[in-house]
Amino acid sequence: MKKSKTYFDMLMKDDKFREAFEKEYTKLLISEKIAKLRKEAKLTQEALAKKIHTTKSAISRYESASYSGYTVSLLEKIAYACGAKIEVKFISLT
Numbered sequence: 045m046k047k048s049k050t051y052f053d054m055l056m057k058d059d060k061f062r063e064a065f066e067k068e069y070t071k072l073l074i075s076e077k078i079a080k081l082r083k084e085a086k087l088t089q090e091a092l093a094k095k096i097h098t099t100k101s102a103i104s105r106y107e108s109a110s111y112s113g114y115t116v117s118l119l120e121k122i123a124y125a126c127g128a129k130i131e132v133k134f135i136s137l138t
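In terms of this note's numbering, the sequence shown is residues 45 to 138.
Next comes the structure, spelled out in structure tokens:
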């Protein structure tokens with residue numbers, strides 16, 4: 045049985061749309077992973093903030109899909125404070 049194309053499938057054929065979607069999706073994934081990691085470590089936003097010497101509002105921003113200022117250093121601090129480490133992986137687009 046042939047799968048029928050959805051509107052989303054058609055949109056993803058547009059390079060600009062796909063690029064924008066993938067960028068936003070990546071931000072969403074990172075923010076969700078930070079929140080999940082924090083919760084698994086049984087830390088509140090305030091407790092995590094204290095461990096990495098920042099504020100609760102900063103942690104809230106990092107857990108928001110609209111945040112885009114992540115650095116490897118920041119992600120390492122968050123991971124370490126939660127008893128984890130980060131792993132960077134590059135995936136070919138071709």
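Using N, Cα and C, we set each Cβ at its ideal position, and we do this for glycine too.
Remember, it's a predicted structure, so these values are computed and weren't measured experimentally.
Nearest to Ile-130 by CA position, among Leu-137, Ser-136 and Ile-122, is which residue? Ile-122
Taking the beta carbon of Arg-10 as the centre, do at least 16 other beta carbons fall within 10 Å, making it buried, or is it exposed? It is not possible to answer for residue 10, since the shown part of the chain is limited to 45 through 138.
Could you please give the first and the last residue of the uninterrupted alpha helix (DSSP H) stretch that includes Phe-134? It is not in any alpha helix (DSSP H) - Phe-134 carries neither H nor E in the DSSP assignment.
Endpoints, alpha helix (DSSP H) assigned at Glu-76: 59-84
Suppose contacts are defined by Cβ-Cβ distances below 7 Å. Is Lys-71 in contact with Ser-112 by that definition? yes
If Ala-109 sits next to Ser-75, beta carbons under 8 Å apart, how far is it from one beta carbon to the other, in whole angstroms? 5 Å
Given that a residue counts as buried once 16 or more other Cβ atoms are within 10 Å of its Cβ, and exposed if not, what is Glu-107? buried
Skipping 5 residues on each side, what residues in its chain have a beta carbon closer than 8 Å to that of Glu-68? Ala-109
Assumed close pair Ile-103, Leu-119 - CB separation to whole angstroms, cut-off 8 Å: So it is not a contact: roughly 13 Å between Cβ atoms.
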